[in-house]
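Undergrad:
Residue numbers (the working numbering): 293 to 528.
(1) Runs of 3 residues minimum, wholly inside the region 363 to 396: which ones carry the beta strand (DSSP E) assignment?
(2) Taking contact to mean 3 or more Cβ pairs, one atom from each stretch, closer than 8 Å, check whether the region 478 to 497 and the region 396 to 404 are in contact.
(3) Put residue 466 into one of helix, strand or coil per three-state DSSP.
(4) What separation, rounded to the nearest whole angstrom, lies between the Cα atoms of residue 476 and residue 375?
(5) Under the three-state reduction of DSSP, which class applies to residue 442: helix, strand or coil?
(6) Just reading off the beta strand (DSSP E) that residue 456 is part of, what are its end residues?
(7) Around the Cβ of residue 243, are there at least 16 other Cβ atoms within 10 angstroms (buried) or fewer (exposed)?
(8) Should the region 443 to 454 be called in touch with the region 363 to 370, which here means at least 3 C-beta pairs below 8 Å?
(9) DSSP three-state label for residue 513, please.
(10) Alpha carbon to alpha carbon, how far is residue 522 from residue 494?
(11) What does the alpha-carbon distance come out to for the pair residue 454 and residue 480?
(12) Under 8 Å: do the region 431 to 450 and the region 352 to 362 share three or more Cβ pairs, one atom per stretch?
(13) Please determine, among 474, 325, 511, 501, the residue with the shortest C-alpha to C-alpha distance to residue 378.
(14) Please list, in chain order, all residues of the same chain as residue 412 whose beta carbon is under 7 Å from its beta carbon, the five residues on each side excluded.
(15) Using DSSP's beta-bridge definition, name the partner residues of residue 345.
(16) For residue 494, which of helix, strand or coil comes out of DSSP?
(17) Taking C-alpha atoms, which residue in 428, 404, 440 lies nearest to residue 463?
(18) Considering only their Cβ atoms, is the gap separating residue 416 from residue 333 smaller than 7 Å?
(19) Please say whether residue 322 and residue 428 have beta carbons closer to each other than 7 Å?
(20) Do residue 330 and residue 342 come within 7 Å of each other at the CB atom, strictly closer than that value?
(21) Let me know if residue 346 comes out buried or exposed under the rule of 16 or more other beta-carbons within 10 Å of its beta-carbon.
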């Protein structure tokens with residue numbers, strides 16, 4: 293297989309900053325732990341430079357097929373209805389689609405009229421789906437002309453923390469996105485792992501051999517070793 297060199301560019305022909313390791317490959321398949329590329333793009337809230345805009349926050353960057361489509365309408369309303377929860381979790385939302393900014397703004401008015409909700413986060417226009425292709429959001433065997441429903445959770449260090457992918461006919465559960473963000477933030481703060489179906493306040497897993505005194509300091513209570521390889525503590 294031949295290796296090609298490419299220089300991705302944004303809607304104004306500006307260079308998209310990629311980590312050096314990514315510049316030598318034809319196609320980047322985003323993985324957990326990757327540094328997410330910087331890019332500039334036009335949005336419903338003006339021009340946006342991704343790293344600058346995201347600084348100090350967690351980011352939920354998500355694609356959707358198009359404005360004025362039924363499932364996307366319900367998704368945008370669901371995200372808008374959780375505005376307080378996103379703010380509490382220090383998460384910024386950024387939508388990406390091939391629809392023009394005029395189409396998106398008109399659509400947002402429809403959503404506001406129907407649900408009484410304001411779309412208060414930026415929604416970007418991706419001309420020619422250039423970024424959607426680069427970020428693995430366009431799955432041509434599913435739809436050659438529109439992105440799938442793909443979400444990235446990106447931490448404040450600009451690294452991919454979680455990826456979600458859904459076909460276009462299934463709307464996402466954004467309560468689950470928030471649940472995962474809370475689990476990521478807990479792990480970042482304490483090193484704890486979370487069990488299946490974890491919700492904030494549930495018991496969490498101590499995945500390492502840290503001293504019991506450290507567990508008590510972090511969680512305010514001691515741990516319980518249920519099995520030789522399963523150590524849990526309340527207060528997560």
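We treat Cβ as the ideally placed atom computed from N, Cα and C, and that holds for glycine.
TA: Looking at the atomic coordinates:
(1) 383 to 389
(2) no
(3) helix
(4) 19 Å
(5) strand
(6) 452 to 458
(7) Only positions 293 to 528 of the chain appear in this structure, which leaves residue 243 out of reach.
(8) no
(9) coil
(10) 15 Å
(11) 13 Å
(12) yes
(13) 474
(14) 372, 375
(15) Beta-bridge pairing links residue 345 to no other residue.
(16) coil
(17) 440
(18) yes
(19) yes
(20) yes
(21) buried
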